[in-house]
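Quick note: the sequence shown uses the working numbering, first residue 27, plus one each step.
Heads up, the thing below is written out as C-alpha coordinates.
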Amino acid sequence: MNQYEGMFLFDSTFAGDFAKVEEEINRIMTRARGEIVLLRKWDERKLAYDIKKRKRGCYVLVYFKAPAESITGLERDARLSEQVLRLLVVRVEGLSQAKMEQWAARQATGDEEFDIDEDDRGGRPPRRPMGRREHAPAGARERDGGEGVDAVASMDG
(Lines of atoms letter the chains of each structure in order from A; the text may use other names.)
(Lines give C-alpha, C1' and ligand atoms only; values in the text may rest on other atoms or scores of the structure.)
Protein backbone atom coordinates (compact mmCIF):
# COMPACT_ATOMS: atom_id res chain seq x y z
CA MET A 27 0.00 0.00 0.00
CA ASN A 28 1.16 3.49 -0.85
CA GLN A 29 0.73 6.59 1.28
CA TYR A 30 -1.33 9.47 -0.08
CA GLU A 31 -2.44 12.95 0.83
CA GLY A 32 -5.93 13.93 -0.26
CA MET A 33 -7.43 17.40 -0.21
CA PHE A 34 -11.21 17.25 -0.41
CA LEU A 35 -13.30 20.34 -1.10
CA PHE A 36 -16.83 19.99 0.26
CA ASP A 37 -19.89 22.16 -0.11
CA SER A 38 -19.87 24.44 2.94
CA THR A 39 -23.55 23.81 3.75
CA PHE A 40 -22.87 20.07 3.89
CA ALA A 41 -19.68 20.61 5.91
CA GLY A 42 -21.61 22.39 8.66
CA ASP A 43 -22.03 18.98 10.28
CA PHE A 44 -18.48 17.57 10.22
CA ALA A 45 -19.73 14.10 11.21
CA LYS A 46 -21.42 13.88 7.79
CA VAL A 47 -18.16 14.88 6.10
CA GLU A 48 -16.26 12.15 7.97
CA GLU A 49 -18.96 9.65 7.04
CA GLU A 50 -18.73 10.60 3.33
CA ILE A 51 -14.93 10.33 3.32
CA ASN A 52 -15.10 6.97 5.14
CA ARG A 53 -17.60 5.74 2.53
CA ILE A 54 -15.31 6.78 -0.33
CA MET A 55 -12.23 5.28 1.37
CA THR A 56 -13.98 2.00 2.15
CA ARG A 57 -14.94 1.55 -1.49
CA ALA A 58 -11.31 2.25 -2.49
CA ARG A 59 -9.94 -0.19 0.13
CA GLY A 60 -8.13 2.73 1.76
CA GLU A 61 -7.13 3.16 5.39
CA ILE A 62 -7.38 6.67 6.85
CA VAL A 63 -4.38 7.66 8.96
CA LEU A 64 -5.30 11.30 9.61
CA LEU A 65 -8.40 13.32 8.80
CA ARG A 66 -8.83 16.95 9.78
CA LYS A 67 -10.84 19.97 8.76
CA TRP A 68 -8.43 22.39 7.21
CA ASP A 69 -10.40 25.55 6.46
CA GLU A 70 -13.66 26.98 5.15
CA ARG A 71 -13.25 29.73 2.56
CA LYS A 72 -14.88 31.77 -0.14
CA LEU A 73 -13.94 30.24 -3.49
CA ALA A 74 -12.12 32.27 -6.14
CA TYR A 75 -14.77 31.18 -8.65
CA ASP A 76 -18.02 29.23 -8.48
CA ILE A 77 -17.67 25.45 -8.45
CA LYS A 78 -20.90 23.56 -9.08
CA LYS A 79 -22.74 26.84 -8.41
CA ARG A 80 -21.22 27.11 -4.91
CA LYS A 81 -19.43 30.22 -3.65
CA ARG A 82 -17.97 28.75 -0.43
CA GLY A 83 -16.21 25.50 0.30
CA CYS A 84 -14.74 23.53 3.18
CA TYR A 85 -11.30 21.97 2.73
CA VAL A 86 -10.57 18.65 4.44
CA LEU A 87 -7.06 17.18 4.57
CA VAL A 88 -6.75 13.39 4.64
CA TYR A 89 -3.65 11.22 4.88
CA PHE A 90 -4.38 7.64 3.94
CA LYS A 91 -2.95 4.36 2.69
CA ALA A 92 -4.41 2.64 -0.34
CA PRO A 93 -3.40 0.32 -3.18
CA ALA A 94 -2.21 2.26 -6.23
CA GLU A 95 -4.82 0.70 -8.49
CA SER A 96 -7.69 1.92 -6.31
CA ILE A 97 -6.91 5.66 -6.63
CA THR A 98 -8.76 6.05 -9.93
CA GLY A 99 -11.85 4.48 -8.34
CA LEU A 100 -11.53 6.79 -5.34
CA GLU A 101 -11.35 9.84 -7.61
CA ARG A 102 -14.35 8.59 -9.62
CA ASP A 103 -16.44 8.07 -6.46
CA ALA A 104 -15.53 11.57 -5.26
CA ARG A 105 -16.53 13.10 -8.61
CA LEU A 106 -19.88 11.29 -8.48
CA SER A 107 -20.57 12.46 -4.94
CA GLU A 108 -22.77 15.55 -4.86
CA GLN A 109 -21.13 16.81 -1.66
CA VAL A 110 -17.52 16.70 -2.92
CA LEU A 111 -16.80 19.71 -5.12
CA ARG A 112 -13.17 18.85 -5.90
CA LEU A 113 -10.49 16.35 -4.92
CA LEU A 114 -6.73 16.33 -5.27
CA VAL A 115 -4.76 13.19 -4.40
CA VAL A 116 -0.96 13.18 -4.25
CA ARG A 117 1.32 10.27 -3.45
CA VAL A 118 3.47 11.10 -0.43
CA GLU A 119 6.98 9.70 -0.53
CA GLY A 120 9.41 9.75 2.35
CA LEU A 121 6.73 10.19 5.01
CA SER A 122 7.56 7.74 7.76
CA GLN A 123 5.00 5.52 9.42
CA ALA A 124 6.11 6.91 12.80
CA LYS A 125 5.37 10.50 11.70
CA MET A 126 1.91 9.54 10.43
CA GLU A 127 1.16 7.73 13.70
CA GLN A 128 2.37 10.78 15.64
CA TRP A 129 -0.07 12.99 13.70
CA ALA A 130 -2.88 10.49 14.29
CA ALA A 131 -2.11 10.45 18.03
CA ARG A 132 -2.15 14.26 18.15
CA GLN A 133 -5.49 14.29 16.39
CA ALA A 134 -6.90 11.73 18.83
CA THR A 135 -5.87 13.91 21.79
CA GLY A 136 -7.42 16.96 20.16
CA ASP A 137 -4.14 18.80 19.61
CA GLU A 138 -4.87 20.61 16.36
CA GLU A 139 -1.83 22.88 16.62
CA PHE A 140 0.57 20.95 14.45
CA ASP A 141 2.01 21.58 11.05
CA ILE A 142 3.97 19.55 8.61
CA ASP A 143 7.63 20.47 8.81
CA GLU A 144 9.23 21.72 5.64
CA ASP A 145 11.71 18.85 5.98
CA ASP A 146 8.87 16.35 5.62
CA ARG A 147 7.99 17.70 2.19
CA GLY A 148 11.49 18.40 0.99
CA GLY A 149 11.15 22.19 0.80
CA ARG A 150 12.00 24.29 -2.20
CA PRO A 151 15.21 23.97 -4.17
CA PRO A 152 17.83 26.66 -3.54
CA ARG A 153 17.55 29.73 -5.73
CA ARG A 154 20.00 30.17 -8.54
CA PRO A 155 22.18 33.24 -8.28
CA MET A 156 21.04 36.03 -10.55
CA GLY A 157 24.06 37.00 -12.62
CA ARG A 158 24.44 40.43 -14.15
CA ARG A 159 25.41 40.88 -17.74
CA GLU A 160 28.47 43.09 -17.92
CA HIS A 161 28.98 42.85 -21.65
CA ALA A 162 26.69 43.36 -24.59
CA PRO A 163 25.46 40.17 -26.24
CA ALA A 164 27.81 38.65 -28.80
CA GLY A 165 25.52 39.57 -31.71
CA ALA A 166 25.65 43.28 -30.83
CA ARG A 167 29.46 43.32 -30.87
CA GLU A 168 29.60 41.69 -34.28
CA ARG A 169 27.20 44.22 -35.86
CA ASP A 170 29.25 47.28 -34.88
CA GLY A 171 32.56 45.76 -35.94
CA GLY A 172 33.67 44.85 -32.44
CA GLU A 173 34.45 48.46 -31.55
CA GLY A 174 31.63 48.67 -28.99
CA VAL A 175 29.87 51.76 -27.67
CA ASP A 176 32.94 54.03 -28.06
CA ALA A 177 32.80 53.83 -31.85
CA VAL A 178 29.12 54.81 -31.88
CA ALA A 179 29.78 57.77 -29.55
CA SER A 180 32.62 59.09 -31.74
CA MET A 181 30.40 58.97 -34.84
CA ASP A 182 27.88 61.29 -33.19
CA GLY A 183 30.31 63.89 -32.14
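Think of the CB as a built atom: it goes at the ideal place given N, C-alpha and C, for glycine as much as any other residue.
Residue i versus residue j: straight-line alpha-carbon distance, rounded
i, j, result
"L65", "P152", "32 Å"
"K67", "M33", "10 Å"
"A74", "C84", "13 Å"
"L114", "T135", "27 Å"
"E108", "P155", "48 Å"
"K125", "A131", "10 Å"
"E95", "N52", "18 Å"
"V186", "I54", "Coverage of the chain is limited to positions 27 through 183, which leaves residue 186 absent and any answer about it impossible."
Residues near residue i in its chain [Cβ-Cβ closer than 6 Å; skip 5 each side]
i, result
"Q29", "K91, V118, L121"
"R57", "D103"
"G99", "A58"
Nearest-angstrom beta carbon gap, residue j and residue i [assumed within contact, 8 Å]
i, j, result
"V47", "V86", "6 Å"
"D37", "R80", "5 Å"
Residue closest to residue i, alpha-carbon to alpha-carbon, out of the options
i, options, result
"R71", "I62, G60, T39", "T39"
"V5", "E31, E50, F44, D43", "A question about residue 5 goes unanswered here, because the residues of the chain that appear run from 27 up to 183."
"I97", "K125, E127, G60", "G60"
"E127", "M55, I62, E95", "I62"
"M27", "P93, R82, I54", "P93"
Own chain, CB closer than 7 Å to residue i, minus 5 neighbours either side, in chain order
i, result
"R112", "L35, I77"
"A41", "V47, E70, C84"
Residues near residue i by beta carbon distance below 8 Å, same chain, minus five either side
i, result
"L106", "none"
"E101", "L113, V115"
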